[in-house]
Structure formats: C-alpha cells, structure tokens
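**Q** Those sequence lines, one after another, are chains A and B.
Be aware that the first sequence starts at 50, since it is given in the working numbering, and climbs by one per residue.
Be aware that the second sequence starts at 902, since it is given in the working numbering, and climbs by one per residue.
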Amino acid sequence: MSGELVKLLSDLKEPEALAFVEKALGGGVDPVDLLGETKEGMNIVGQRFASQEYFIPDLVFSGEILKGINKMLEPHLKKREEAGRLGKVIMGTVAGDIHDIGKDLVVFMLDVNGYEVMDLGVDVPAQKFVDTIKDTGSTVVGLSGFLTLAYDSMKQTIEAMNDAGLRDKAKVMIGGGQITEEIRKYTGADAYGKDAMEAVKLAKGWI
Amino acid sequence: MEKKWEEMSSDEKQEAQLQKWLSPKDPEGNDLQFQSPQAEKAFKERATRLKDAIQMKKRPDRVPVFTIYGFFPALYAGFTPQEVMYDYDKCNIAWKKYVLDFAPDGHIGPWVPGPGKLFDILDYKLYKWPGHGVSPEYGYQCNEGEYMKADEYDAFIDDPSNFYSNIYLPRIFGALEHFTTPHIADVLEMYGAGLNFIPYGVPPVQAAYKALLEAGNEALKYIGVVGACNNELAAAGFPTFWDGPAKAPFDMIGDTLRGTKGIMVDMYRQPDKLLKAMEVMTPLVVKNAVAGAKVGGVPIVAVVMHKGADGFLSDEQYKKFYWPTFRRVLMGLIAEGIVPFCFAEGGYNSRLEIIRDLPKGKVIWWLDRTDMAKAKEVLGDVACIGGNLPPGLLAVGTPQQVKDYTKKLIDTCAKGGGYILGNGTVMEQAKPENLHAMIDTAKEYGVYK
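(1) When the Cα atoms are used, what is the spatial distance from residue 147/A to residue 934/B?
(2) Just to confirm the assignment: which complete alpha helix (DSSP H) runs, minimum length 4, are found wholly within the region 152-225 of chain A?
(3) Would the region 165-176 of chain A count as touching the region 90-110 of chain A if we require 3 or more Cβ pairs under 8 Å?
(4) For a contact defined as C-beta to C-beta under 8 Å, what are the partners of residue 207/A on chain B?
(5) Would you identify the three-state DSSP class for residue 1242/B, choosing helix, strand or coil?
(6) Taking the beta strand (DSSP E) that residue 142/A belongs to, which residues open and close that run?
(7) Where does residue 1321/B fall in DSSP's three states?
(8) Looking only at its own chain, which residues have a Cβ that is under 7 Å from the Cβ of residue 1180/B, when we skip the five neighbours before and after it?
(9) DSSP has residue 1007/B in a bridge; who is on the other side?
(10) Can you check DSSP and say which residues form a bridge with residue 1028/B?
(11) If contacts are defined as beta-carbon pairs under 8 Å, then residue 1161/B and residue 1090/B qualify, I think. What distance do you get, rounded to the angstrom?
(12) Quick one: is residue 182/A buried, meaning 16 or more other Cβ sit within 10 Å of its Cβ, or exposed?
(13) Taking 8 Å as the CB-CB cut-off, is residue 149/A touching chain B?
(14) Name, going along the chain, the residues of the region 1030-1053 of chain B whose beta-carbon falls closer than 9 Å to a beta-carbon of chain A.
(15) Closer than 8 Å, CB to CB, is residue 1294/B near chain A or not?
(16) Between residue 1349/B and residue 1318/B, what straight-line distance do the alpha-carbon atoms span, to the nearest angstrom?
(17) Run through chain B and tell me which residues come within less than 7 Å of residue 170/A, C-beta to C-beta.
(18) Between the Cα of residue 952/B and the Cα atoms of 1345/B, 1265/B and 1269/B, which residue gives the shortest distance?
(19) Chain B beta carbons: is any one of them nearer than 8 Å to that of residue 182/A?
(20) Mind the definition here: the region 1009-1029 of chain B touches the region 1109-1126 of chain B only if three or more C-beta pairs lie below 8 Å; say whether that holds.
(21) Going by the CB atoms, is the gap between residue 1247/B and residue 1211/B shorter than 8 Å?
(22) Which residues, taken in chain order from the region 53-68 of chain A, show a beta carbon closer than 9 Å to some beta carbon of chain B?
(23) What does residue 926/B pair with, by DSSP beta-bridge criteria?
(24) Closer than 7 Å by beta-carbon distance: list the chain B residues that pair up with residue 227/A, in chain order.
(25) According to DSSP, is residue 242/A part of a helix, a strand, or is it coil?
(26) Going by DSSP in three states, residue 1259/B sits in which element: helix, strand or coil?
(27) Kindly indicate which three-state DSSP category residue 50/A falls into: helix, strand or coil?
(28) Could you tell me whether the Cβ of residue 241/A comes closer than 8 Å to any Cβ of chain B?
(29) Can you say whether residue 1173/B is buried or exposed, counting buried as having 16 or more other CB atoms within 10 angstroms of its CB?
(30) Following the continuous alpha helix (DSSP H) through residue 1292/B, name the residue where it begins and the one where it ends.
(31) Going straight from the alpha carbon of residue 919/B to that of residue 1268/B, what length do you get?
(32) Report the CB separation of residue 944/B from residue 1138/B in whole angstroms; it is logged as a contact under 8 Å.
(33) Counting only runs that start and end within the region 954-999 of chain B, where is the alpha helix (DSSP H) found for 4 or more residues in a row?
(34) If we ignore side chains and look at the alpha-carbon of each, how far apart do residue 55/A and residue 70/A end up?
Okay, structure coming up:
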C-alpha cells in the first residue's frame, strides 16, 4: 500500500486520493506516514512542473488536493512536523505591487523543495523585509514584482537592508514579469530568476 | 452602387472599416477639420503605414512605430496617477502631451486613467486604484478573487445578462449591492405587473439607483473633458490605434469572474461547465467589441491576453480551453472587418504554431517576451507582428542600448513588411530619452528601401 497516496496525489487524482486517505485513516494507518506520502507527492508535482510536464493549473490543483487531505489528517496529528527543513527564505511582492501569482509559484516550489518559506504577502513595505530578516536570521530574500514601478520598490527595499546593516547577511533574488539583468543591476540584487525553478536553484546555491 | 454591408466579404469589410478610419469624423459626424494640410497629410501617412503593415498587401514606406503604456504619460507630464484619475483636465493634458512630444504613428487614446470619482461613487471592488488601496504614485491593480462562485456556472450559462445585472454587478460594486432589474416576463400582462416595481420603493434599492445616477453624471463630466482628446490628436495628425476592448473568454472568466485559481481548479473539477460558459460568452464578446469600435470609429480592437501565455497552460490545455473560443472571438471580429490587436503578455513561444491558424492580414500579434525571430518565422507570412522591446530597458537602459535593441528588432522582423515596432508590454516608467531613441530609430533605420 505504501506509495499509493504519493502516486494519487502526484497524478492529481483528487477523489481517489481523498477516498484513499479516508480509508487508510479508518484502517488505522499512521497519519504521520500519510503526511510523509503527501510531502513526497508534492515533491513529484514540483519536479514535473520543473520539467514542464505540469503547468500552473496542475500546480494550483495539487495544492487544492493537498488542502483537502490535510483537513482530513489534521485532527489525527498532534502537531505538524516541521523538522528537516533546509533553510529559511523570505518572500514577498514589493511595496505598491499587489500581484501574487508569480510570488506564489516561487513559494510553492521552495516549499516542496524543502525550504521553510516566510511569505510576507503582497505590497510589502521595505521595513517589513528588514524586520523579518532581523527576527528570523534568514539569509535568503526573494523580492517579487510585476509592474515596472516595482523596480524602484525593489531598489528601495535593498537600500533599506543596506541602511540596516543587513545587506551582507542576506542574499537577495528578484523576479517577475519584466525583470532582466539590467534591472538586477539597477536594483542592486544579487541575482534574478526568470521562473520559479531558478529561484530554487538560487536558494540551493546560497543556503 | 455600393455593396450592402451584409453582402461584403470580410476582406471588403476590413478595407471599408480602415478607409473610414483614414477619414475621421468630428463628433457631429462631419469630416474632421485638421489643424493644417500638413497635419492631414501626416495623419494619412501614419494611418496608411499601420494599415499596410496589418493587411500585408504591400510594404509600408517605413516600419510603423506604436507604444503601449499605462500611467507613463501622467508621470512624464509631472502628475501622479491619482491626479490624472481625479482631475480630468490633467488627464487630457498629459495624454495629449505624450503623443505630441513623442510622435508615434498611432496612440491608444486616453482611457487608461478612467474617472476616479466614478469608481469612488460605485465602490468598485475589482480593483485597487491610486489613493484607494494603492499609493497615489501607482496605477490601478486587479484584486484577485472569485467574483463568480464555483457553483454559479449554471446561473451564468442559463442567462448571462441576468447573471451580470443581478448577481455580478451587486457583487463588484459596493454601491449596487441591492441593485435589481425586473424580469421582463412579469410585465407582459397588466394583471400583477405593478407588483414587479415594489423593490424600487425599498430604500437600499433606491440607493443603488441613486448611485447609478451619480455615476452617470460623473461619466458625462469625464467624457466632456477627456472625450475631446482623440479628436484633437487626430486633428493634429495622430490616429487612435486602439479601441474595444475584447478578451479571450478564458481570460474573461479567469481574470475577473472565477479568478486565476478558480478557473484552474475548474479545469479539473468542472471542465464541461467551464467550456460551456466560454461558449455562451463568445458571441457576446464579439457583439460588444463591434459595437465599441463603431462608437469610437476605430476598427482596431485591443485584445489583452493573460492566462494563455507560456507556462500558464500546457499546449494540450491551451488547445482545449483557451484557443477554440478565443479563435471564434477573433474570427467573429474579422468577419465584421475589425482588426484584433492581440496583446500577448508574457511569452507566447509555445503557441505560435497554434495561433498561425487565422486568415492572412487580419490580426496583429503584439508580443512581449516572445522570441521575435521565431515569431517572424512562424507568423511572418500570415500576420503582422510587433512589440518585444523590454520596458525594463526603457526604464533603466541608455539611449544607445535602446537604439541597438531597436535596430536588432528591425533587422529581425521588418523584412517584407507586416511589422510594427514598439515596446513589449505596458510601461509605467521610462526615461524620455530612451523612448525618443526607440521611436526615432524606427523612423530613421526602419525606412524600407
């Protein structure tokens, strides 16, 4: 039976996956094992997304299935296991910009690849990034932005890190619809990524 | 004798529409008075250049140049986005100044800012706008949400108009929360007909109608100022190149009905209903855009595309969910002689072979981050292409870099015509000298010899 949930989840079989979890819980299967299987399943979803076998709808739908499974598992779990995370990454869409699709993809991919992600949401003031770096000691920060006006917000966020004496403590990656090498230089970021997979690669290199 | 409209082929209709565009009218319906014979000559040259690029029957005299922008004209004129949304004179000044200073071959009209006060009155929920959720220095942005619920497809499919009026409008405009319209079947007999009007006596419903009246007054105030912009620019020699708008049914549902997440989950949980809803929507989109183009006198309809870009859908998903109804919208517009200006935000590399499947010389593909050499190779013999110059380069690059990029684009795409030079996606900020470099390079380097 082991591995079946991995397959159902990674193949995006929603009714089958939920039915399987219900039956397994009824049959006395350890919910921690099931949780492990969902993690493995989501990791495969991430791999398939990276290899362009899956696209955004598939990723979004896998998240929905996972939500359903977690809802069933949660009453049976004492507390969420968060051990074995590779490192902390701070993510957010910069001040003035409320676009979240790209940012959410990066959060998803970092998460399924084993990173603990602090998602600060959208329209995040520079100070909030600074405070979060201080509070968490995270060494990787991802700034997302869709609008061309986000260039200046990214630049200001990185300057705020400088002013707070944190710039050499954390690496900064930027990404979004209109980010190029010129924009990376303009903002003072360490690197930019053109998709969510590159964000994972960058985080791996830095942590 | 002139052929009747319904007897004309789509070729003839397009020619007639574009000819009409080449000879603009004033608001009274008389021939527009140009500022000078030179302005008239310049108008015709610019419009003809764009027309030739679209139709691909002959090569234009040079590569036409066209720019797309959000609030750039406001910032360039020294105003904030908030100022041009609330002070209509400032909007008018800024949008005219942009066109007169940079002199592109066509412009998009002054409709980007929109009347801020009207949105205040109606408490518009779909967007955040400057001073109303985003800072005065930023443009408006969409609030992602499920404005149509997952279980409302049937209501939409059964009667889209009723869904819009009585469910959707009350949801997206706070002031129209209690808006309602009577069902026409109930007033066909005098017996009982009066009962239908009881809701209009109820204070919350009356408040909704009062808000609508106020919004109407504000809209008139707005159009009274900004409405003159396109005519004044035409009189100065600059044709409007965008009207409409139309959208792909998938984007209509995915953007502001079900939302990105909603539609993507529906692709799995209720694909048939999603497909059916898009089918129902298709003729309505065409009808709206055709009517809009008639009012504005501009037969080039902007079709802004979002969720069919590279990465958003697999090829299989694109072919199943996005392209069929989108193509029908395009064909519906083409049949009426309208030129769809399809603005593909993001990359469209994986879709080029699919979108090739349209009649020649009928549509413009405005590409953002697509490989232009590949686009020219795949689409070059059937459709006009344009775009791609990165807004980031305009924002932080040097004039020389912009000049080099522009030349490279012309070298790659201009051969044989069917090409319009311009920036790949909406710019908000740019260095004026960079914009001049782009436009002037097109005018000098883009001459066909």
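Where a beta carbon is used, it is the ideal one built from N, C-alpha and C, also for glycine.
Just so you know, these numbers come straight off a predicted model, no measurement behind them.
**A** In brief:
(1) Rounded to the nearest angstrom, the two C-alpha atoms are 44 Å apart.
(2) Counting only runs of 4 or more, we get 175-185 and 199-212.
(3) Taking one beta carbon from each stretch, the region 165-176 of chain A and the region 90-110 of chain A have fewer than 3 pairs nearer than 8 Å; the two do not touch.
(4) Those do not exist, as residue 207/A stays about 14 Å from chain B at its closest Cβ, beyond 8 Å.
(5) In this structure, residue 1242/B counts as strand in the three-state DSSP scheme.
(6) Counting along the chain, the beta strand (DSSP E) containing residue 142/A begins and ends at 137-142.
(7) In the structure shown, residue 1321/B sits in a strand (DSSP, three-state: E or B).
(8) Hits under 7 Å: 1226.
(9) Beta-bridge partners of residue 1007/B (DSSP): 967/B.
(10) According to DSSP, residue 1028/B bridges with 1043/B.
(11) In fact, because the Cβ distance is near 46 Å, the residues do not count as touching under 8 Å.
(12) Buried is the call here.
(13) In terms of beta-carbon proximity, residue 149/A lines the interface with chain B, with at least one pair separated by less than 8 Å.
(14) Legend: CB atoms of the region 1030-1053 of chain B lying less than 9 Å from CB atoms of chain A belong to residues 1034, 1035, 1036, 1038, 1039, 1040, 1042, 1043, 1044 and 1045.
(15) So, interface residue.
(16) The C-alpha of residue 1349/B lies about 9 Å from the C-alpha of residue 1318/B.
(17) Those do not exist, as residue 170/A stays about 12 Å from chain B at its closest Cβ, beyond 7 Å.
(18) Ranking 1345/B, 1265/B and 1269/B by Cα distance to residue 952/B puts 1265/B first.
(19) At a cut-off of 8 Å between beta-carbon atoms, residue 182/A makes no contact with chain B.
(20) Using a Cβ-Cβ distance cut-off of 8 Å, the region 1009-1029 of chain B and the region 1109-1126 of chain B are in contact, since at least three pairs of beta carbons, one from each stretch, lie closer than that value.
(21) The beta carbons of residue 1211/B and residue 1247/B sit closer together than 8 Å.
(22) Hits within the stretch, in order: 61 and 63.
(23) According to DSSP, which records beta bridges pairwise, residue 926/B is partnered with 932/B.
(24) Ordered by position in chain B, the residues that pass the 7 Å Cβ test against residue 227/A are 1291, 1292, 1293 and 1326.
(25) Coil, per DSSP.
(26) Residue 1259/B: coil per DSSP, three-state reduction.
(27) With a pLDDT of 46 at residue 50/A, under the threshold of 50, the modelled position of this residue cannot be trusted; read the value that follows with caution. If DSSP states are grouped into helix, strand and coil, residue 50/A belongs with coil.
(28) With 8 Å as the cut-off, residue 241/A does not count as an interface residue toward chain B.
(29) Counting C-beta atoms within 10 angstroms of its own C-beta, residue 1173/B has fewer than 16 neighbours from the protein chains shown and is therefore classed as exposed.
(30) 1292-1297 is the extent of the alpha helix (DSSP H) around residue 1292/B.
(31) Whole-angstrom Cα-Cα distance: 23 Å.
(32) Contact holds; Cβ gap of about 5 Å.
(33) Correct list: 973-977 and 982-987.
(34) Our two residues, residue 55/A and residue 70/A, have alpha carbons roughly 11 Å apart in a direct line.
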